[in-house]
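Read the structure below first, then the notes.
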Amino acid sequence: MKTTYKSVLVIDDHKMVANGIKLIIGDLFDNFYMAHDGATGMSYALQHFPDLIIVDYTLPDTSGELLVRELKFKMPASRILGYSFTYSADVIVKMFRSGINGYIIKKDNDEEFLKAVQALMNGRDYFCKEARNHVIGRLSADEEDEELAMKQLIANTEFSAKQIALIKLLCKQMSTKEIGLHLNLTERTVEQYRSNISQKIGAKNLAGIVKFALQNGILELDDL
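Counting with full-length UniProt numbering, you get residues 1 to 224 for the letters of the sequence shown.
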């Protein structure tokens, strides 16, 4: 049985592009809404509270970055996928900092778009490889905070469901043995997972893993 979600809102000033998106992912949602400017998009979002909002960076009355910030403030539960025609690192970083859960380039194929949507609806972030590589290439050696943020972005995109579960259990200070029993893994595998996770996100200790989990929505303070 195919999984379907409640609703999606596409905010794009190009009607042809919005209709194209509907052809790709329309069957995944019970309700599909379209808006062609930021003001209408915000109005529809507040009216329907969609599970997923897809936002073009370039809009006639605002920027995707500003719109995403407002959407995230007013409806933090909605997942937001940003996209544009440009590979500009400035655009991608602005959208990343605004709080999007994923980003793809409009030139990416239909399969990539579908993959991104499914990842977001399953609670994971998704940033296309081209976008990630382009931004990482712009980072200089002295931009440690930004570089760490991008490492975390990549790590969150690439984590499996098992790794996400392991992160949550680590944050609850469960022992290696307890985690192994909970996830049906050997203690050696648990330690290897932990080492790989720490390396991906640049964490030197458990506190670093907890910080990453909180910053990326893997864990809430109430879960600790």
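By construction, the Cβ of each residue, glycine as well, lies at the ideal position given by its N, Cα and C atoms. All figures in this text were calculated on a predicted structure; none of them were measured in a lab.
Skipping 5 residues on each side, what residues in its chain have a beta carbon closer than 8 angstroms to that of E187?
T176, K177, G180.
Put R124 into one of helix, strand or coil per three-state DSSP.
Correct three-state label for R124: coil.
Residue range of the beta strand (DSSP E) that A35 falls in?
Annotation: the continuous beta strand (DSSP E) that includes A35 extends over 29–35.
S88 (DSSP reduced to helix, strand or coil)
In this structure, S88 counts as coil in the three-state DSSP scheme.
Quick check: the stretch 88–104 against the stretch 59–69, are at least 3 beta-carbon pairs closer than 8 angstroms?
Per the Cβ contact rule, the stretch 59–69 is in contact with the stretch 88–104 (3 or more Cβ pairs under 8 angstroms).
Compare the C-alpha of A89 against each of G38, F127, I25, F29 and name the closest.
Residue F127 is the option with its Cα nearest to A89.
For L52, the three-state DSSP class (helix, strand or coil):
L52 carries a strand assignment under DSSP once its states are collapsed to helix, strand and coil.
Give a yes or no on whether the C-beta atoms belonging to L9 and G38 are separated by under 8 angstroms.
No, the pair does not count as a contact, with Cβ atoms beyond the cut-off.
What is the C-beta distance between I80 and V68, in whole angstroms, given that I count them as a contact (C-beta under 8 angstroms)?
At roughly 6 angstroms, the Cβ-Cβ gap stays under 8 angstroms, so I80 and V68 are in contact.
By DSSP, does K106 sit in helix, in strand, or in coil?
In the structure shown, K106 sits in coil (DSSP, three-state: anything other than H, G, I, E or B).
Residues sharing a beta bridge with T4, DSSP
By DSSP's assignment, T4 forms no beta bridge with any residue.
Which residues does DSSP list as the beta-bridge partners of G82?
Beta-bridge analysis with DSSP links G82 to V55, Y103.
With burial defined as no fewer than 16 other Cβ atoms inside 10 Å of the residue's Cβ, what is the status of S195: buried or exposed?
That one is exposed.
Give me the Cβ distance between L52 and L120, rounded to the nearest whole Å; I'm assuming they're in contact under 8 angstroms.
Right, their Cβ atoms sit about 6 angstroms apart.
Look at the Cβ atom of A131, then the Cβ atom of I92, and state whether they are nearer than 8 angstroms.
Yes, they are a contact pair.
What does DSSP give as the partner residue(s) for L9 in the beta ladder?
BP columns for L9 point to Y33, I53.
Starting from residue 260, follow the alpha helix (DSSP H) in both directions and report where the run begins and ends.
The shown model of the chain, from 1 to 224, leaves out residue 260, and the question about it has no answer.
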